[in-house]
Each structure stands twice: as structure tokens, then as C-alpha cells.
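In the numbering used here, the protein residues as written are 1 to 499.
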């Protein structure tokens, strides 16, 4: 497997630090509002990378943070007259809802910046002790020029940056030793949340957060650090400087960055009126269509969002779902056809189409042998699985992987009929569903719960709550939520509605 490393600007063979294990950190959102579709791209892309690594047999420790202290969060809190914590808690919860709706799996760990302040103070203290940082009236800066390799990720030259007037200053340029030094800790302002530190009551700079959270949950050296290409400079560049100066080791082996998302060929911005949240998109489209759309281009290629392209993505996903549905129908018809009248539940077809009775709770014989012709058909189907893996092994090329899935769809539609054995159809069906699952695409239709089933589960949940078995009660609520059932606890009892 080869991945494009922003650090070296070339594709490299992927070799993890520890055989069989991958330590992966992905920068998460700043939680001051609902996430927008620009946030959604790295979430979907790197969730897919994680899924594929797991498909390859790796044990992936996947860490993605929430930045829950920031100027934008504070501004939103002041605007609403509530605490910054209330804003961050609200939008972390909303972000998790949107992630679930996009079938983005929860990270192994979702650390929050405000819960890691002690670690940030400790790292800043170490950087000061080593001479890489200095304190000016309660503000602590990092000495950028003291790190000889600064600029190695973004391939920028410090002198060019300075002559170009580029400044990473947050406050007080005249007090810095160098205009390019960046903030590690800053004193509080009126009405801002703050924490005590050896230098001042204040809060950390943005860049130090990820260095500390990555170190705590993954270790001093990690395999993959990922995020949007807008984070390469200065955020990821500064992370490297802090981490490597503090720990004395290389920070991340591979750096992966997704390209920008444009809207109708223009950069997304509120001023242009083309700024869309994931929640707004969900009102118009199935979010599986959004996921399919995001994966239809290589992650390092700029992606243009438009109604026409979303419609095309919807049609493409529907084509796959229709093929899956057709294969499922063939399997069911193969099970039921030629059964003696009235014995359908106890009758299946063997691989040669003969009817016969089986024991209760048994399925069609798993030992059934495919005919020579069917073995050839199955081998033909497996060839598309190989093409899928080859595409993903080439820097996670999801566009070519989807093309392989479409080829498999065409092959299945052309070669499988009710004349084939159930075992063959089931094998191709499973392959198609599994390949889509690696991309996080849900292509099987969910069987809708009957009203009576919902009422029964609600009764079981109430009994579990009464018995203080809250784990089971939560499990039932989540089970219903997955089926699009929302529960409302009211004074009159539990009410429910379908999404």
C-alpha cells in the first residue's frame, strides 16, 4: 500500500511504526456552530481511510479532537449570553449527530482541549526549559527560528515568510523576539474562560492542543496525522515544531491532507451565500448520497459541490442499491421456489434447484458445491474485489474503488439470475455489500419496524429504567434511533415518531 506524504511530496510505501497497528490523529472541528460540508469532507475521507486500514487487518487507534475553547466559541457564547462550555457541549452533541448520519464512526478517543490543559502547561514548561519558548508579560511564545526544520511540511522558507509580511502573531507583535514566533499561552481577557498557569491566568494557543492530545492518546511518535490542506500551514507546521522540540523524536511518519471543497466552482463562504451545513444538506438529500459524492473524487483533488453533481451521486448510489436489492430478491426467490405448498418456511433449494426439507432454524446447506460454471462466475466477481483493493492501495483512490464497484454491479446484473444457486448469489451479494461497507456506504435496505414492535421495545425500555438497568434502556433508545424512531419522554408517558 502506498500513500502520498505531504512531508516528502511523494507516494511512499506504508510501513507502520509497529507491525499490525496504526496510530492515527485527525484534527477535528472547532465547535461553535453546526458543522458545514467543508468539515464533512475530512471526516468522511479519513473515516474511510480508517475503515480500509482495518479491512487490511490493522488495529487502528483513531484519535480526533474537539477544539472546545476558541475565540469563535467565546464570541458565540457572548452573543447568546451563555457560557462557552454550554456552546461547546451543544455543538459537540450536534456534531456527533451529523457524524452518525453520515455513517462516520466515532473515534477510538474524542479528546476535548479543555480537558487537557494540564498536559498543555506541562509541554509548554518543557519547551521553555529547553529554550524553545519564552514568556513576555504572561504570553508565552515559541521561538520558530530555533527549530532548524521549521517549514519542512509546508515547504515554506522562513525568510520568504518574513519578507512577505506573514505573521503568526495573536497579540502584541512588538513584544515578540521574531514576527514569526507563535503563541503557546495567552493571558485572559475580560469575560473569557481561563485556567491558572505559571505565566498567567489564561488559555492555550490553538496549535499546542493537538500536539498534547496526540501525545497523550497515541504516544510521542505516530503513524498518520491527517486533516484538511488548509491546516498544513501554520497549524500542522507548528505542531511538528512543538512536538519534535519537546519530545526529541519525529512527530508523525505520514501526513495526509484532503483538498478543498468548492460550491458551484466558488470558495464556500457566508458572504457569498453559499455556506451549507450538513444539517441543511440532510433536508434535501440522503446523507449517504453526500458521503458517496465526497468519495467520488480522489481526496487530494479539489471537489466541487453542486445540485447537478449531487443528483448524479444520488443516481449512482441508487444504481448500486438496486443491484443489491435485485440480488437479495433472487436469493429469496431461490429459497422459496419449488417448495411444496404450505411448507415454504421449512423448504429450501439445494445448489442444483431441487426442493427438500431442512431442520428448523437451518439455512441452505453451507457445504453446497458450486458447479464449474458458477465457480467461474464467482472468480469473475472476485476480480473486481482485487481491482477495488488495488485502487485503495494506491493512496486510497476511492474514485477508482467506486468504479470497481460499478463494474461488479454490471457484472452481477449480467451474470446472475434465479437459475443460479443461492450460494453463488449470496457470495456475490456479500462481496458487493462488503466493498461498499469499506467505504462506509450503506446499500442494504433497512427493514422497517412495525408499530407493535416499537411499542414492545418501549415497554421493555421502561421496565429496564424502572429496574435501573440504564445500559439496556440506552441500548433500546439507540436501536430505535438507528431505525429512525425518535422517543419523547413526556408527563403522559413515552411518545414516539418516525423520522
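Think of the CB as a built atom: it goes at the ideal place given N, C-alpha and C, for glycine as much as any other residue. Owing to the predicted nature of the structure, the values given are computational and were not obtained by experimental measurement.
Discussion item. Going by C-alpha to C-alpha distance, which of 382, 469, 390 sits closest to residue 411?
Written reply: The shortest C-alpha separation from residue 411 is found at 382.
Worksheet entry | Buried/exposed call for residue 360, threshold 16 Cβ in 10 Å | Note that residue 360 scores 32 on pLDDT, short of 50, meaning its location in the model is unreliable and no value can be drawn from it.
Worksheet item: Between which two residues does the alpha helix (DSSP H) carrying residue 470 extend?
Response: Counting along the chain, the unbroken alpha helix (DSSP H) around residue 470 starts and ends at 470 to 482.
Discussion item. Mapping the DSSP letters down to three states, classify residue 11 as helix, strand or coil.
Written reply: Reduced to three states, the DSSP call for residue 11 is strand.
Practice prompt. Determine the burial state of residue 501: buried for a count of at least 16 other Cβ atoms within 10 Å of its Cβ, exposed for fewer.
Written response: The chain is shown from 1 up to 499; residue 501 falls before or after that span and cannot be answered.
Item to complete: Report the residue from 278, 62, 310, 232 whose alpha carbon sits nearest the alpha carbon of residue 218.
Response: Measuring from the Cα of residue 218, the nearest candidate turns out to be 62.
Worksheet item: Do you know whose CA, among 22, 266, 46, 95, lies nearest residue 32's CA?
Response: Of 22, 266, 46, 95, the residue nearest in Cα terms is 95.
Discussion item. For the alpha helix (DSSP H) containing residue 49, name the first residue and the last one.
Written reply: Its alpha helix (DSSP H) spans residues 37 to 55.
Discussion item. For a test of the three-state rule: what should DSSP assign to residue 193, helix, strand or coil?
Written reply: Looking at residue 193 - three-state DSSP - the assignment turns out to be coil, as it is neither helix nor strand.
Worksheet item: Is the beta carbon of residue 56 less than 8 Å from the beta carbon of residue 222?
Response: Cβ atoms of residue 56 and residue 222: not closer than 8 Å.
Fill in: Residue from 376, 178, 150, 257 with nearest C-alpha to residue 11
A check of alpha carbon separations from residue 11 across 376, 178, 150, 257 identifies 257 as the nearest.
Worksheet item: Is it buried or exposed for residue 470, if we count other Cβ within 10 angstroms and need 16 for buried?
Response: Burial call: exposed.
Practice prompt. Only counting runs of 4 or more residues, tell me where the alpha helix (DSSP H) segments fall wholly within the segment 257 to 339, in order along the chain.
Written response: Counting only runs of 4 or more, we get 278 to 282, 287 to 295, 307 to 336.
Worksheet item: By Cβ distance, which residues of its chain are closer than 8 Å to residue 413, with the 5 residues on each side in sequence left out?
Response: Cβ within range, chain order: 323, 326.
Discussion item. Less than 8 Å between the beta carbons of residue 398 and residue 295, yes or no?
Written reply: Closer than 8 Å, so yes.
Worksheet item: Do you know offhand how far residue 126's Cα is from residue 203's?
Response: So the two alpha carbons sit approximately 17 Å from each other.
Worksheet entry | Straight-line Cα distance separating residue 79 from residue 43 | Near 28 Å, if we compare the C-alpha coordinates of residue 79 and residue 43.
Practice prompt. Determine the direct distance from the alpha carbon of residue 104 to that of residue 140, and round the result to whole angstroms.
Written response: Between residue 140 and residue 104, the C-alpha separation is close to 37 Å.
Item to complete: Return the first residue and the last residue of the alpha helix (DSSP H) that residue 437 is part of.
Response: First-last of the alpha helix (DSSP H) with residue 437: 422 to 438.
Discussion item. Residue 124 and residue 185 - do their beta-carbons sit closer together than 8 Å?
Written reply: For residue 185 and residue 124, yes; Cβs fall inside 8 Å.
Discussion item. Relative to the C-alpha of residue 462, which candidate in 136, 476, 250 has its C-alpha closest?
Written reply: With distances taken between Cα atoms, residue 462 lies closest to 476.
Discussion item. Is the separation between the beta-carbon of residue 29 and that of residue 66 shorter than 8 Å?
Written reply: Yes, they are a contact pair.
Item to complete: Alpha carbon to alpha carbon, how far is residue 287 from residue 310? Give it in angstroms, no decimals.
Response: Their backbone Cα atoms lie some 10 Å apart in a straight line.
Practice prompt. Specify the secondary structure class of residue 360 as computed by DSSP and reduced to three states.
Written response: Reliability of the predicted coordinates at residue 360 is poor, the pLDDT of 32 falling under 50, and the value obtained from them is presented with this limitation in mind. Of the three classes helix, strand and coil, the one that applies to residue 360 here is coil, per DSSP.
Practice prompt. Measure the alpha-carbon distance for residue 8 versus residue 255 and round it to whole angstroms.
Written response: Near 9 Å, if we compare the C-alpha coordinates of residue 255 and residue 8.
Worksheet item: When we look at the beta-carbon of residue 19 and count the other beta-carbons within 10 Å, is it buried (16 or more) or exposed?
Response: By the neighbour-count definition (other C-beta atoms within 10 Å, threshold 16), residue 19 is an exposed residue.
Worksheet entry | Range of the contiguous alpha helix (DSSP H) that encloses residue 388 | Its alpha helix (DSSP H) spans residues 372 to 393.
Worksheet item: Are the Cβ atoms of residue 120 and residue 263 separated by less than 8 Å?
Response: No; because the gap between Cβ atoms is not below 8 Å, this pair is not in contact.
Item to complete: Go through its chain and collect everything with a Cβ distance to residue 168's Cβ below 7 Å, but skip five positions before and after it.
Response: With a pLDDT of 43 at residue 168, under the threshold of 50, the modelled position of this residue cannot be trusted, and the question is left open.
Practice prompt. Taking all protein chains shown into account, decide if residue 270 is buried (16 or more other Cβ within 10 angstroms of its Cβ) or exposed.
Written response: By the 10 Å Cβ count, residue 270 comes out exposed.
Fill in: Boundaries (first-last residue) of the beta strand (DSSP E) holding residue 493
Residue range 493 to 498 is occupied by the beta strand (DSSP E) that includes residue 493.
Worksheet item: If you follow the beta strand (DSSP E) that residue 185 is part of, which residue opens it and which one closes it?
Response: Segment 182 to 187, the beta strand (DSSP E) holding residue 185.
Worksheet item: Beta-carbon separation of residue 425 and residue 330 under 8 Å?
Response: Annotated as proximal: residue 425 and residue 330, with beta-carbon spacing under 8 Å.
Worksheet item: Per DSSP, residue 402 forms a beta bridge with which residues?
Response: Partner(s): none; residue 402 has no beta bridge.
Item to complete: Measure from the alpha carbon of residue 36 to the alpha carbon of each residue in 333, 404, 280, 136, then state which is nearest.
Response: For residue 36, the nearest C-alpha among the options comes from 280.
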